[in-house]
Amino acid sequence: MSEKKRAIIIASILSLIFILSAVWTAHQFLAKKESASAAIYQNGTLIKIISNDHEETFRIEDGENWNEITVDKDGIHVSGASCPDKICMHTVWKGKGSLPIVCLPNHLVITAAPEETDDEFDVLTY
Ligand SMILES: [Zn+2]
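In this text, residue positions in the sequence shown follow the UniProt record's numbering: the first is 1, and each later residue adds one.
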C-alpha cells in the first residue's frame, strides 16, 4: 500500500468519525430539546411530572381552586385557571431554562423536573 493511499484511508476514517460524532451531537441536542420534563408543585408538594413530548390537557384541583394545564407543541402552559389575576396563564414553559409558571393564588408552581426523576437526564452534560 502506498503512502498516498494510506493517507487517503486515514483521512476518510477521520472524516467519517467526525461526521458520525457531529450527527450524534446533533441528535443528542435535538432529543434533549424535544423532551423535557416539568414538575407540578401544589402547596410545595410535587404532585405530577409531565413531559412535553406528547400533547395533553388536564386539570389540577385543590378545593375551589383549579388550573387547567395544556401541553402542546409550544410547550407547557396554563390554559385556564380559577385565580383572579390569571398571571399564570401568561407564561409558557418551553424546557429547562424557562421561567417557572407560578400561580400564587392557587399555590401552584410548574418548573423543570428534579434530576433524579427524569430518566433521560444526562448528568454528565449538565
Ligand atoms: Zn393563576
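All residues carry an ideal CB built from backbone N, CA and C; glycine is no exception.
- Cβ-heavy atom distance between Ala81 and ligand 1 below 6 Å? Yes.
- Query: To the nearest whole angstrom, what separates the beta carbons of Ile76 and Ala39, a pair I think is in contact under 8 Å?
  - Reply: Taking C-beta atoms under 8 Å as the contact rule, Ile76 and Ala39 fail to qualify, at a distance of about 11 Å.
- In the structure shown, what three-state DSSP assignment does Glu64 receive? Coil.
- Message: Taking its Cβ as the centre, do 16 or more other Cβ atoms sit within 10 Å of Leu108, making it buried, or is it exposed?
- Response: That one is buried.
- Nearest-angstrom Cα separation, counted from Ala7 out to Asp118: Only weak support is given to the placement of Asp118: the predicted model assigns it a pLDDT of 48, under 50, and the value that follows is read from those uncertain coordinates. Their Cα atoms are separated by approximately 45 Å.
- Nearest to Thr70 by CA position, among Thr91, Ala113, Leu99, Cys83, is which residue? Residue Thr91 holds the alpha-carbon nearest to the alpha-carbon of Thr70 among Thr91, Ala113, Leu99, Cys83.
- Query: How long is the line joining the alpha carbons of Ser79 and Asn67, rounded to whole angstroms?
  - Reply: Their backbone Cα atoms lie some 8 Å apart in a straight line.
- Among Asp72, Lys48, Asp85, which has the Cα closest to the Cα of residue 128? It is not possible to answer for residue 128, since the shown part of the chain is limited to 1 through 126.
- Return the chain-ordered list of same chain residues with a C-beta closer than 7 Å to the C-beta of Asp85, the five sequence neighbours on each side being excluded. The residues are Pro105.
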